[in-house]
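From first to last, the protein sequence lines are chains A and B. First residue of the first sequence: 1, per the numbering used here; consecutive thereafter. First residue of the second sequence: 365, per the numbering used here; consecutive thereafter. Cβ atoms here follow ideal geometry from the backbone N, Cα and C, with glycine treated the same way. Owing to the predicted nature of the structure, the values given are computational and were not obtained by experimental measurement.
Number of protein chains: 2
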Amino acid sequence: MSALLPEGFRDRLPPHADSAAEIETRVLSVARSYGYERVDPPLAEFADGLATRLKAGALRDAVRFVDPVSQRTLAIRPDLTAQVARVAATRMGHHPRPVRLSYAGSTLRLRAPELSPKRERRQLGCELIGLDSVAAAREVVGVAAEALAAAGAGGLSIDFTLPDLVDTLAAGPLPCAQVDELRARLDAKDAGGVAAIAPAYLPLIEAAGPFDPALAKLRVFDATGVLTSRLDGLQAIAEAVSGLATLTLDPTERHGFEYQSWLGFSLFVAGGPREVGRGGTYTVLREDGAEEPATGFTLYADQLGQATALDRRRLFLPLSTPAEDGARLRREGWVTVAALEPGDTPEAQLCTHVWREGSVEAVS
Amino acid sequence: MSALLPEGFRDRLPPHADSAAEIETRVLSVARSYGYERVDPPLAEFADGLATRLKAGALRDAVRFVDPVSQRTLAIRPDLTAQVARVAATRMGHHPRPVRLSYAGSTLRLRAPELSPKRERRQLGCELIGLDSVAAAREVVGVAAEALAAAGAGGLSIDFTLPDLVDTLAAGPLPCAQVDELRARLDAKDAGGVAAIAPAYLPLIEAAGPFDPALAKLRVFDATGVLTSRLDGLQAIAEAVSGLATLTLDPTERHGFEYQSWLGFSLFVAGGPREVGRGGTYTVLREDGAEEPATGFTLYADQLGQATALDRRRLFLPLSTPAEDGARLRREGWVTVAALEPGDTPEAQLCTHVWREGSVEAVS
Chain A
1 MSALLPEGFR DRLPPHADSA AEIETRVLSV ARSYGYERVD PPLAEFADGL ATRLKAGALR
61 DAVRFVDPVS QRTLAIRPDL TAQVARVAAT RMGHHPRPVR LSYAGSTLRL RAPELSPKRE
121 RRQLGCELIG LDSVAAAREV VGVAAEALAA AGAGGLSIDF TLPDLVDTLA AGPLPCAQVD
181 ELRARLDAKD AGGVAAIAPA YLPLIEAAGP FDPALAKLRV FDATGVLTSR LDGLQAIAEA
241 VSGLATLTLD PTERHGFEYQ SWLGFSLFVA GGPREVGRGG TYTVLREDGA EEPATGFTLY
301 ADQLGQATAL DRRRLFLPLS TPAEDGARLR REGWVTVAAL EPGDTPEAQL CTHVWREGSV
361 EAVS
Chain B
365 MSALLPEGFR DRLPPHADSA AEIETRVLSV ARSYGYERVD PPLAEFADGL ATRLKAGALR
425 DAVRFVDPVS QRTLAIRPDL TAQVARVAAT RMGHHPRPVR LSYAGSTLRL RAPELSPKRE
485 RRQLGCELIG LDSVAAAREV VGVAAEALAA AGAGGLSIDF TLPDLVDTLA AGPLPCAQVD
545 ELRARLDAKD AGGVAAIAPA YLPLIEAAGP FDPALAKLRV FDATGVLTSR LDGLQAIAEA
605 VSGLATLTLD PTERHGFEYQ SWLGFSLFVA GGPREVGRGG TYTVLREDGA EEPATGFTLY
665 ADQLGQATAL DRRRLFLPLS TPAEDGARLR REGWVTVAAL EPGDTPEAQL CTHVWREGSV
725 EAVS
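Here you go:
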């Protein structure tokens, strides 16, 4: 009875919890090597302040409670990036730009998001605040790819999108009176719907798939050259990670990228049905009301759980093994498991090896 | 305005967040080397189930909310050890004993505990479930001491207590009708109060302080020998860590050890006003209603925050530094910070070194 957990919550047991911790350490270690320093915002903060930096409506799914100290409503964070943006804009507002920040932490939701039953999620990532240039995106996409490789995630693929593509075209060479509807039809790959609203946009549906041919189609489609700088930038970003990942392009994909500016990307690994992370360029609201550009990525650590196999060799130390032997073996990298009473056995302690008469023997 | 956080919550900024993460990694790495594998229970679970394993009344200070999915009350954990005990008793109930588990996670309280304004705390530790013997306690106290040393905490001192001492004496050679009141007077070091209730217990007030003389006084006090096995055990545990810490003994200290059985200990580090952790022997409720012995320790990571100074050398890579140079320097252990636009400087990026014409130069 007491073993039951609410839907969307779970215990992570050995060896999965160690494996998940190791993955986080490796991801954040790559981030750190590129100068991303860690910030660690609190689990809860004032709900109204948090709401200003969350996607519209996101607070509805947050756990909220009245704080007996302030008598105000607090919310448990449903997302960490909003807090990192707050830190960058406020307490680190004086720091010269760009600021490179990394983070890892748990998030909680009252209701599970679509496509996933989880209500507690572990989120980690990097944010580069102050720039959304091609150089910034090259770095961020590169760090994401290298971090996933370090975490043991094989078969990485990156799907790029251009979230403001339709707006840019509609405001320029291809005017359209129903932009919202057009975006929805393009997002759904609904050729009939697109043809009914703005047939000039139909080639965009075809300009999706493996990166190079899709980009070539986009360049042909962009007869007026209004997209040239974006496409050049996208190509430069793709070149930076072409050796690390399979690349695809879905230029009109908008779902989940509503808050990204010119660039978005989703990260997938082999064998994973869902994306393991996403990122792109966006804007951060400064305390003075101005906006500043930013680029970042977030990984959903739970999706990476099975990617890294840890060394689980365990060396059993029989009763009365000298303490110095154990200390030396641990220094040599062994996990030692000491017998604490006469009946203890290597098998009961899931040990792969035994320390016997001064040498390591494999358990047969 | 949006920078304000509720009382008892805070942002951890660079370099403190990296430092705190490094401390956790080091503590858990020592635990792992002794065979303690990590478990990671969820932030929230059913409030009634959690309450059965928390100290009486602890749920009052937990953040609770109604789960829209189950329509039952959930609680955010105010403490992690209750969850670890649940995992050991239920999902790992079939595992041969002893089971060695480690954990690290955040806890949340509606109201701050006494002596500390913090409402979110980071808790990490080890639990050895299935044994509360002297051998078990020697291992657990030793792991705690080694973990704190690895985390850079200097000047460790360990204060031991014997939580069931008074009960043992009152049930044996020194009967006392007012045991609860006697314990409270002893805990308060109130000699007058002790004399009024049971003057035979007065020597216990003096048997506190540096470990060896205090233990010697206890041995003299224990004329009937009812405490001999406990005192021998305590001495053996103390010998195991005598080289790693300053040891004290406060045999009647009960505060916060109400749930410990025969042994309790508090951990202090130099310069810290409050304890950085505590531990001892206790019992875990199994699913079949039986109890099993256990031994463990918990560290309050926030109290260790300043103990470890990280290397903050950062190497600035000017614009157009070849990607291979950066990759090689990171492999060599450098944190590299790449210029992403012409105006960027090593100073703005808080860099200590610059990569210039193929060599590392210190920023003057």
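Discussion item. Under 7 Å, CB to CB, which of the residues in the segment 398-429 of chain B have a partner in chain A?
Written reply: Tyr398, Gly399, Glu401, Arg402, Val403, Asp404, Pro405, Pro406, Leu407, Ala408, Glu409, Phe410, Gly413, Thr416, Val427, Phe429
Item to complete: Quickly, what does DSSP pair Thr437/B with across the bridge? List them, please.
Response: Taking the second sequence and counting its residues from 1, the one referred to as residue 437/B is at position 73. Answer by DSSP bridge pairing, in chain order: Val430/B.
Practice prompt. Could you please tell me which residues of the segment 73-87 of chain A, in chain order, have their CB closer than 9 Å to any CB of chain B?
Written response: Leu74, Ile76, Gln83, Arg86, Val87
Discussion item. Between which residues of its own chain and Met1/A is the CB-CB distance below 7 Å, once the five residues before and five after are set aside?
Written reply: Position 1 of the first sequence, counted from the first residue, corresponds to residue 1/A. In this prediction, Met1/A has a pLDDT of 49, which is less than 50 and means its spatial position is unreliable; what the coordinates show is noted afterwards. There are no such residues.
Worksheet item: How big is the Cα-Cα spacing for Ala290/A and Thr81/A?
Response: Locating residue 290/A in the first sequence gives position 290, counting from the first residue. Locating residue 81/A in the first sequence gives position 81, counting from the first residue. Answer to the nearest angstrom: the Cα atoms are 19 Å apart.
Fill in: Length of the line joining the Cα atoms of Gln303/A and Ser19/A
Locating residue 303/A in the first sequence gives position 303, counting from the first residue. Locating residue 19/A in the first sequence gives position 19, counting from the first residue. Gln303/A and Ser19/A: Cα-Cα distance of roughly 12 Å.
Fill in: C-beta atoms of Ala609/B and Ile522/B nearer than 8 Å
Taking the first residue of the second sequence as 1, we reach residue 609/B at position 245. Taking the first residue of the second sequence as 1, we reach residue 522/B at position 158. Result yes, Cβ atoms of Ala609/B and Ile522/B sit closer than 8 Å.
Worksheet item: Where Ala552/B and Ala587/B are concerned, what is the direct C-alpha to C-alpha distance, given to the nearest angstrom?
Response: Working through the second sequence from its first residue, we reach residue 552/B at position 188. Working through the second sequence from its first residue, we reach residue 587/B at position 223. Using only the alpha carbons, I get a separation of about 24 Å.
Fill in: beta strand (DSSP E) segment containing Asp523/B, residue limits
Numbered from its first residue, the second sequence carries residue 523/B at position 159. If you look at Asp523/B, you'll find it in the beta strand (DSSP E) that goes 521-525.
Item to complete: Hey, could you find the ends of the alpha helix (DSSP H) Pro175/A is sitting in?
Response: Counted from its first residue, the first sequence places residue 175/A at position 175. No alpha helix (DSSP H) contains Pro175/A, which DSSP labels as neither H nor E.
Practice prompt. Report the residue from Gly277/A, Pro98/A, Phe265/A, Arg314/A whose alpha carbon sits nearest the alpha carbon of Leu350/A.
Written response: Here residue 350/A refers to the residue found at position 350 when the first sequence is read from its first residue. Leu350/A has its Cα closest to that of Arg314/A, out of Gly277/A, Pro98/A, Phe265/A, Arg314/A.
Fill in: Near-chain B residues of the segment 294-326 of chain A (beta-carbon distance less than 7 Å), N- to C-terminal order
Here the close residues are Arg314.
Item to complete: For Leu472/B, collect the residues of the same chain with a Cβ closer than 6 Å to its Cβ; drop the 5 residues on either side in sequence, then sort them by chain order.
Response: Locating residue 472/B in the second sequence gives position 108, where the first residue counts as 1. These residues qualify, in order along the chain: Val427, Ile440, Glu484.
Fill in: Proximal residues of chain B, C-beta to C-beta of Glu120/A below 8 Å
Along the first sequence, read from residue 1 onward, the residue named residue 120/A stands at position 120. Chain B residues near Glu120/A: Pro406, Leu407, Ala408.
Fill in: For Val99/A, three-class secondary structure by DSSP
Your numbering for residue 99/A matches position 99 in the first sequence. Of the three classes helix, strand and coil, the one that applies to Val99/A here is strand, per DSSP.
Worksheet entry | Neighbourhood of Leu407/B by C-beta distance below 7 Å, restricted to the same chain and skipping five residues each side | Start at 1 with the first residue of the second sequence, and residue 407/B comes out as number 43. Result list for Leu407/B: Ile440, Arg441, in chain order.
Item to complete: Taking C-beta pairs closer than 9 Å, name the residues in chain B that Thr336/A reaches, listed in chain order.
Response: Start at 1 with the first residue of the first sequence, and residue 336/A comes out as number 336. Here the neighbours are Ser397, Tyr398, Gly399.
Discussion item. Any beta carbon from chain A within less than 8 Å of Val505/B's own beta carbon?
Written reply: As a working note, residue 505/B is residue 141 in the second sequence. So, not an interface residue.
Worksheet item: Helix, strand or coil for Pro203/A per DSSP?
Response: Start at 1 with the first residue of the first sequence, and residue 203/A comes out as number 203. Looking at Pro203/A - three-state DSSP - the assignment turns out to be helix.
Worksheet item: Going by other Cβ atoms of all chains shown within 10 Å of its Cβ, with 16 needed for buried, is His353/A buried or exposed?
Response: Along the first sequence, read from residue 1 onward, the residue named residue 353/A stands at position 353. So His353/A counts as buried.
Worksheet item: What is the C-beta distance between Phe680/B and Pro710/B, in whole angstroms, given that I count them as a contact (C-beta under 8 Å)?
Response: Residue mapping note: residue 680/B aligns to position 316 of the second sequence, counting from 1. Residue mapping note: residue 710/B aligns to position 346 of the second sequence, counting from 1. Rounded, the Cβ-Cβ distance is 4 Å, consistent with contact.
Worksheet item: Using a C-beta cutoff of 8 Å, does Thr25/A count as contacting chain B?
Response: Within the first sequence, the letter at position 25 stands for residue 25/A. Cβ-Cβ to chain B under 8 Å: yes for Thr25/A.
Fill in: 6 Å Cβ shell around Val141/A - same chain, five flanking residues per side excluded
Along the first sequence, read from residue 1 onward, the residue named residue 141/A stands at position 141. Within the same chain, Val141/A has close Cβ partners Ile237, Val241.
Worksheet item: Does Phe629/B come within less than 8 Å of chain A when only Cβ atoms are used?
Response: By 1-based counting over the second sequence, the position of residue 629/B is 265. For Phe629/B, the answer is no, since every Cβ of chain A falls outside 8 Å of its Cβ.
Discussion item. Quick check: Arg286/A and Gly49/A, are their CB atoms within less than 8 Å of each other?
Written reply: Indexing the first sequence from 1 puts residue 286/A at position 286. Indexing the first sequence from 1 puts residue 49/A at position 49. No, the Cβ-Cβ distance between Arg286/A and Gly49/A is not below 8 Å.
Item to complete: Measure the C-alpha to C-alpha separation of Gln83/A and Glu371/B and round it to an integer number of angstroms.
Response: Numbered from its first residue, the first sequence carries residue 83/A at position 83. Numbered from its first residue, the second sequence carries residue 371/B at position 7. Roughly 17 Å between the two C-alpha positions.
Worksheet item: At which residue ranges does the segment 197-258 of chain A contain complete alpha helix (DSSP H) runs of 4 or more residues, listed in the order of the chain?
Response: 203-206, 211-221, 228-241
Practice prompt. With distances taken Cα to Cα, identify the nearest neighbour of Gly597/B among Cys540/B, Thr616/B, Leu627/B.
Written response: Locating residue 597/B in the second sequence gives position 233, counting from the first residue. The shortest Cα separation from Gly597/B among Cys540/B, Thr616/B, Leu627/B belongs to Leu627/B.
Worksheet item: Nearest CA to the CA of Thr659/B: which residue from Arg396/B, Thr616/B, Asp652/B, Ile493/B?
Response: The residue labelled residue 659/B in the question sits at position 295 within the second sequence. Here the closest residue by C-alpha is Ile493/B.
Discussion item. Which residues in chain A have a C-beta closer than 7 Å to the C-beta of Pro637/B? List them in chain order.
Written reply: In the second sequence, the residue the question calls residue 637/B occupies position 273. Those do not exist, as Pro637/B stays about 22 Å from chain A at its closest Cβ, beyond 7 Å.
Discussion item. Taking 8 Å as the threshold (beta carbon to beta carbon), is Ser521/B in contact with chain A?
Written reply: Taking the second sequence and counting its residues from 1, the one referred to as residue 521/B is at position 157. Not an interface residue.
Item to complete: Buried or exposed for Gln71/A, please, with buried defined as at least 16 other CB atoms from any protein chain shown within 10 angstroms of its CB.
Response: The count along the first sequence starts at 1 and reaches residue 71/A at position 71. Burial call: exposed.
Worksheet item: Does any CB atom of chain B fall closer than 8 Å to the CB of Leu98/A?
Response: Sequence index remark: in the first sequence, residue 98/A carries index 98 (1-based). Before going further, note that residue 98/A is Pro rather than Leu in the sequence given. It does: the Cβ of Pro98/A has a partner Cβ on chain B nearer than 8 Å.
Fill in: Assigned secondary structure, Val30/A (DSSP; H/G/I helix, E/B strand, else coil)
Looking up residue 30/A in the first sequence gives position 30. Correct three-state label for Val30/A: helix.
Item to complete: Run down chain B in chain order and give the residues with a C-beta less than 8 Å from the C-beta of Asp18/A.
Response: Here the question's residue 18/A lines up with position 18 in the first sequence. Residues of chain B passing the Cβ test: Arg396, Glu401, Arg402.
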